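Undergrad: When you line the sequence shown up against this note's numbering, it's residues 13 to 271, in that order.
Each residue gets a CB set at the ideal place from its N, CA and C atoms; glycine is no exception.
Remember, predicted model here, so these are calculated numbers, not experimental data.
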Amino acid sequence: MHAFVYNVIRSLRSGGTAILDSAALGLAPLAPASGERLAEQAYQALRAAIQDGALEPGQRIPELELCGLLKISRTPVREALRRLQSDGMVVHAAGGGLAVAQHDLPAITELYDLREGLEGTAAALAAHHADRAEIAALEAIVASHRGLPGDPALHARENKILHGAIYRAAHNRFLLKSLQSLHDSLALLGRTTFAAPGRIDAALTEHAAIVAAIARRDAPEADRLARLHVRHAYEIRLEQMMREPPFGSRAAIPKGTRA
Ligand SMILES: [Zn+2]
């Protein structure tokens, strides 16, 4: 279902106007289901598309196009969009209609400040609480990243896997919940920072150092290194914002996930 929505979105992007050729894109509508179920499916698919970067911050979401492609009525589509609005992931666009939300600079700074604290705390708690199997898993993830091709979207996904493993190794349900909600907001940042030159190698080195500190139970160092890692991502994010025009004034960029 998600691949289907990605194709829809890719087609929405082409040329700025909606040119939707479902046959050429290999699209299939959502399977018939109750209205409530359809709304849930549409919600999950759109949410995943925003999370994964198939739908970009600032991009318009044409309700009628979605109805036509998903072959469902407006009611479940509207319900899905309403839920995304209450999640803060979709907002009213200037000039009418809806668009994917995007953060302004102060919000991005606040977001990274919080992330720095939470990631540092997660790494420190992991240094205290991770069991041997969890540490071995973290080390295996870091080692597996070394041989990967230099694809930013791939590294952004793998980055999430590593950080998710650190969160779980921290063994704190409230921290985990806070980080999950933070990641909804991070999804609205746009292009992955792994697209910046040199960032993939630098992040791999930073990850290895964080995991090494966790493995030797050095909580203060794990905390410091994790914070530094987020700080570097923030600096790159700012550089990217300076260089890249907002959505709509550039050609479609490759789908990617966020760091
Ligand atoms: Zn990372």
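Indicate whether Thr-204 and Ala-231 have their beta-carbon atoms separated by less than 9 Å.
TA: The sequence position of residue 204 within the sequence shown is 192, counting from 1. The sequence position of residue 231 within the sequence shown is 219, counting from 1. No, the pair does not count as a contact, with Cβ atoms beyond the cut-off.
Undergrad: Taking 9 Å as the threshold (C-beta atoms), are Leu-250 and Leu-123 in contact?
TA: Residue numbering aside, residue 123 sits at position 111 when the sequence shown is read from its first letter. Residue numbering aside, residue 250 sits at position 238 when the sequence shown is read from its first letter. It is not a contact, given that the beta carbons lie outside the stated cut-off.
Undergrad: Just grab the DSSP bridge partners of Leu-67 for me.
TA: For the purposes of this step, residue 67 is identified with residue 55 of the sequence shown, where counting begins at 1. According to DSSP, which records beta bridges pairwise, Leu-67 is partnered with nothing at all.
Undergrad: DSSP state of His-244, grouped into three classes?
TA: Here residue 244 corresponds to residue number 232 of the sequence shown, with the count starting at 1. Here His-244 sits in helix by DSSP.
Undergrad: Name the one or two DSSP bridge partners that His-219 has.
TA: Position 207 of the sequence shown holds residue 219. Bridge partners of His-219: none, in fact.
Undergrad: Taking Ala-111 as part of the beta strand (DSSP E), name the residues at either end of that continuous run.
TA: As a first step, residue 111 must be located in the sequence shown, where it is residue number 99. First-last of the beta strand (DSSP E) with Ala-111: 110 to 112.
Undergrad: So what's His-183 in DSSP terms, helix, strand or just coil?
TA: Here residue 183 corresponds to residue number 171 of the sequence shown, with the count starting at 1. Looking at His-183 - three-state DSSP - the assignment turns out to be coil, as it is neither helix nor strand.
Undergrad: With Ile-120 and Leu-194 assumed to form a contact (beta carbons below 8 Å), what rounded beta-carbon distance in angstroms separates them?
TA: Within the sequence shown, residue 120 is the residue found at index 108, counting from 1. Within the sequence shown, residue 194 is the residue found at index 182, counting from 1. Contact flag wrong, Cβ pair sits at about 13 Å.
Undergrad: So Ala-245 and Ala-135 are in contact, right, with Cβ under 8 Å, and what is the actual spacing, rounded?
TA: Taking the sequence shown and counting its residues from 1, the one referred to as residue 245 is at position 233. Taking the sequence shown and counting its residues from 1, the one referred to as residue 135 is at position 123. Incorrect: roughly 14 Å between the Cβ atoms, too far for contact.
Undergrad: Any idea which residues DSSP pairs Ile-62 with across the strands?
TA: The residue you call residue 62 lines up with position 50 of the sequence shown. Beta-bridge pairing links Ile-62 to no other residue.
Undergrad: Taking the alpha carbon of Ala-113 as the point to measure from, which residue in Arg-158, Glu-48, Ile-73 has its own alpha carbon closest?
TA: The sequence position of residue 113 within the sequence shown is 101, counting from 1. Out of Arg-158, Glu-48, Ile-73, Ile-73 has the C-alpha closest to the C-alpha of Ala-113.
Undergrad: Taking all protein chains shown into account, decide if Ala-208 is buried (16 or more other Cβ within 10 angstroms of its Cβ) or exposed.
TA: Counted from its first residue, the sequence shown places residue 208 at position 196. So Ala-208 counts as buried.
Undergrad: So for Arg-144, helix, strand or coil by DSSP?
TA: As a first step, residue 144 must be located in the sequence shown, where it is residue number 132. Of the three classes helix, strand and coil, the one that applies to Arg-144 here is helix, per DSSP.
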